[in-house]
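For the sequence shown, the working numbering assigns the number 6 to the initial residue and increments by one for each residue that follows.
So the structure is just underneath, and the comments pick up after that.
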Amino acid sequence: MAITIYNSPQTPTPVYNEQFLDAVSTQYAQPNFTFTIIVTDVITLTVLAVDYVKADSTGNLHYNIGNYAENLMQNYFPVNLYGWKKCANATRKIRFNIGETYGTTPTYYAGANTEYVVWNAGVDNVYIAPYSIDYYCYDSTISNYVYLTSANGGTYTTYKDRSHFLYTLIKEGNTNDIPYITVKTYDAANTLIAEYRIARPDYATGIYTDNYQCIDIGYKGLLGIASGLVTVISGTYPIITSLVDKYTIIDPTYGGVIQRVTVGTNPKFEVYTLHYLNSKGGYDTLHCPLARTLSSTKTVSTFKKSMWSVVANVSTLDTSLSSEKVQGVTIQDNLQLTSDWLTDTEFVTHKDLFTSTDVRLDLGNTSVYKSVKVTQTGYTTKNNERLRNYIIELSYTHSNHRQRG
Numbered sequence: 006m007a008i009t010i011y012n013s014p015q016t017p018t019p020v021y022n023e024q025f026l027d028a029v030s031t032q033y034a035q036p037n038f039t040f041t042i043i044v045t046d047v048i049t050l051t052v053l054a055v056d057y058v059k060a061d062s063t064g065n066l067h068y069n070i071g072n073y074a075e076n077l078m079q080n081y082f083p084v085n086l087y088g089w090k091k092c093a094n095a096t097r098k099i100r101f102n103i104g105e106t107y108g109t110t111p112t113y114y115a116g117a118n119t120e121y122v123v124w125n126a127g128v129d130n131v132y133i134a135p136y137s138i139d140y141y142c143y144d145s146t147i148s149n150y151v152y153l154t155s156a157n158g159g160t161y162t163t164y165k166d167r168s169h170f171l172y173t174l175i176k177e178g179n180t181n182d183i184p185y186i187t188v189k190t191y192d193a194a195n196t197l198i199a200e201y202r203i204a205r206p207d208y209a210t211g212i213y214t215d216n217y218q219c220i221d222i223g224y225k226g227l228l229g230i231a232s233g234l235v236t237v238i239s240g241t242y243p244i245i246t247s248l249v250d251k252y253t254i255i256d257p258t259y260g261g262v263i264q265r266v267t268v269g270t271n272p273k274f275e276v277y278t279l280h281y282l283n284s285k286g287g288y289d290t291l292h293c294p295l296a297r298t299l300s301s302t303k304t305v306s307t308f309k310k311s312m313w314s315v316v317a318n319v320s321t322l323d324t325s326l327s328s329e330k331v332q333g334v335t336i337q338d339n340l341q342l343t344s345d346w347l348t349d350t351e352f353v354t355h356k357d358l359f360t361s362t363d364v365r366l367d368l369g370n371t372s373v374y375k376s377v378k379v380t381q382t383g384y385t386t387k388n389n390e391r392l393r394n395y396i397i398e399l400s401y402t403h404s405n406h407r408q409r410g
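Next comes the structure, spelled out in structure tokens:
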């Protein structure tokens with residue numbers, strides 16, 4: 006037996022993209038030859054698949070094993086959870102073994118085990134050809150300070166009782182990256198109020214499940230974080246007080262500010278906040294503090310009923326009877342939200358909202374955010390407008406029903 010593997014998935018690989026195995030065997034001319042591929046989930050040691058694949062005319066294997074890991078994946082969203090959280094079940098380690106089965110009496114010959122990591126991403130093809138982990142993996146060894154949500158010097162506005170998330174996928178094996186983040190708060194005169202550190206648990210293990218984490222760095226997240234998770238460098242706990250007008254988030258590994266945050270006050274309309282799963286696996290946030298439209302549509306099912314009745318043994322037409330009965334009414338509630346003014350960069354950042362498979366509506370003080378879906382079928386940007394609004398058409402993913410007539 007002699008198998009040479011030319012190509013296999015990198016670590017990490019976005020789970021919702023293809024994961025090709027390319028290999029060749031010197032035994033492909035043997036009778037009854039097939040490649041024997043065994044795919045295993047390393048966490049549970051569950052065998053996900055045993056596939057028998059014929060070689061092509063030159064003894065090569067070209068095979069996509071991506072669908073098996075897909076079925077294990079979950080998206081991690083920390084609803085009302087504060088401090089650093091591991092993105093549970095949003096990353097897995099997959100093992101494959103390319104062996105051979107051949108001979109007049111078919112005999113199996115095992116290959117070597119190879120492992121790779123996947124996470125809950127499904128990125129555009131332009132980033133897969135060629136694919137580089139440097140687009141997604143935080144890796145201080147090459148000064149690659151990237152995040153899975155908007156960061157890296159960005160500025161945004163947060164609102165009272167609203168969340169905003171930072172997701173990071175640190176390269177497996179790295180044990181010194183982001184041991185904590187630093188939060189510095191300022192008043193309206195830009196005077197420093199206090200400084201805090203929020204430690205990232207298990208940062209020194211380098212294990213892939215410990216290196217995929219997130220934290221709520223919005224007003225709600227910093228107000229709700231427990232004192233035991235915060236180290237006070239100067240000032241007093243809690244982090245958010247009535248004096249805080251703005252704050253910065255500092256990554257000590259990067260060595261600088263990754264987010265500048267302004268606390269929004271007295272919006273003219275109620276703020277509707279959307280948290281949406283982006284293509285990189287994190288949840289980005291868009292606040293909509295401007296006018297919104299609430300609407301409902303209904304679907305009615307009816308049936309016809311005869312208006313004739315028998316009175317004193319005589320068929321009589323009774324026009325007081327309803328000839329059409331309502332069997333049921335289904336109500337669908339809809340929203341039209343308007344974002345704040347956005348720059349070109351912000352507009353591009355929030356493009357993923359249009360295609361997201363998981364959008365949550367955050368109205369504050371809710372134990373579970375409401376599930377909604379974007380109903381627009383098109384997304385357009387213009388390069389001749391420096392500032393504009395993002396108008397989002399949404400509907401709730403649930404519908405309501407009324408009693409039968």
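All C-beta atoms, glycine included, are put in the ideal place defined by N, C-alpha and C.
Everything numeric in this text was worked out from a predicted model, so none of it was measured.
Whose C-beta lies closer than 8 Å to the C-beta of Thr321 among residues of the same chain, with five residues either side of it excluded? Trp313, Ser314 and Val315
Would you kindly report the start and end of the unbroken beta strand (DSSP E) that includes Glu177? Looking at the DSSP string, Glu177 is not in any beta strand (DSSP E), and its letter there is neither H nor E.
According to DSSP, is Asn130 part of a helix, a strand, or is it coil? helix
Going by DSSP, what residues sit across from Arg100 in a beta bridge? Thr45 and Glu120
Is the beta carbon of Ile183 less than 9 Å from the beta carbon of Asp129? no
Spatial distance of Lys273 from Lys330 (CA atoms): 45 Å
Looking only at its chain, what residues have a beta carbon closer than 7 Å to the beta carbon of Thr402, apart from the 5 residues adjacent to it on each side? Ser376, Val377 and Lys378
Contact under 9 Å by Cβ, His280 with Tyr395: no
Here's the rule: buried if 16 or more other CB atoms are within 10 angstroms of the residue's CB, otherwise exposed. What is Lys225? buried
Sub-9 Å separation of Thr187 and Leu248 beta-carbons: no
Write down the C-beta distance between Ser30 and Gly64 rounded to the nearest angstrom, noting that I regard them as a contact closer than 8 Å. 5 Å
With DSSP collapsed to three states, give me the class of Asn65. strand
For Val353, the first and last residue of its enclosing alpha helix (DSSP H): Asp349 to Thr354
Contact check, Arg97 vs Val123 under 8 Å by CB: the rounded distance? 6 Å
Taking C-beta to C-beta, are Ile263 and Trp89 nearer than 9 Å? no
Given that a residue counts as buried once 16 or more other Cβ atoms are within 10 Å of its Cβ, and exposed if not, what is Asp221? buried
Where do the N-terminal and C-terminal ends of the beta strand (DSSP E) with Ala54 fall, by residue? Thr51 to Val58
What is the rounded straight-line gap between the Cα of Ile397 and the Cα of Gly127? 23 Å
Which same chain residues, not among the five before or five after Tyr185, have their C-beta less than 7 Å away from its C-beta? Arg202, Ile203, Ala204, Arg205 and Pro257
Leaving out five residues on either side along the sequence, give the residues of the same chain with a beta carbon under 6 Å from the beta carbon of Asp215. Asp207
Gly233: buried (16+ other C-beta within 10 angstroms of its C-beta) or exposed? exposed
With three or more C-beta pairs closer than 8 Å as the rule, is the stretch 135-147 touching the stretch 72-91? no
Taking Tyr374 as part of the beta strand (DSSP E), name the residues at either end of that continuous run. Run containing Tyr374: none; DSSP gives neither H nor E here.
Within 10 angstroms of its Cβ, does Tyr242 collect 16 or more other Cβ (buried), or is it exposed? exposed
Ranges of the beta strand (DSSP E) found wholly within the stretch 178-227, counting only runs of at least 3: 185-191, 197-204 and 217-221
Indicate whether Glu275 and Ser239 have their beta-carbon atoms separated by less than 9 Å. no
Does the distance from the C-beta atom of Thr119 to that of Ser13 stay below 9 Å? yes
Check this for me: beta carbons of Leu153 and Gly287, under 9 Å apart or not? yes
Pick out whichever of Asn179, Ala28 and Tyr107 has its Cα sitting closest to the Cα of Asn69. Ala28
Assuming Val268 and Asp250 form a contact by the criterion Cβ under 8 Å, report the distance between their Cβ atoms to the nearest whole angstrom. 6 Å
Within its chain, find whatever has a CB closer than 7 Å to the CB of Asp46; leave out the 5 residues flanking it on each side and keep chain order. Leu53, Leu77, Arg97 and Ile99
Looking at the unbroken beta strand (DSSP E) that takes in Ala115, where does it start and where does it end? No beta strand (DSSP E) holds Ala115; DSSP gives it neither H nor E.
Where Thr9 sits in the DSSP three-state scheme: strand
Taking Val334 as the reference, which of Tyr150, Phe308 and Thr324 has the closest Cα? Phe308
Can you find the residues in the same chain that come closer than 6 Å, C-beta to C-beta, to Asp357, ignoring five residues on each side of it along the sequence? Asn283 and Ser284
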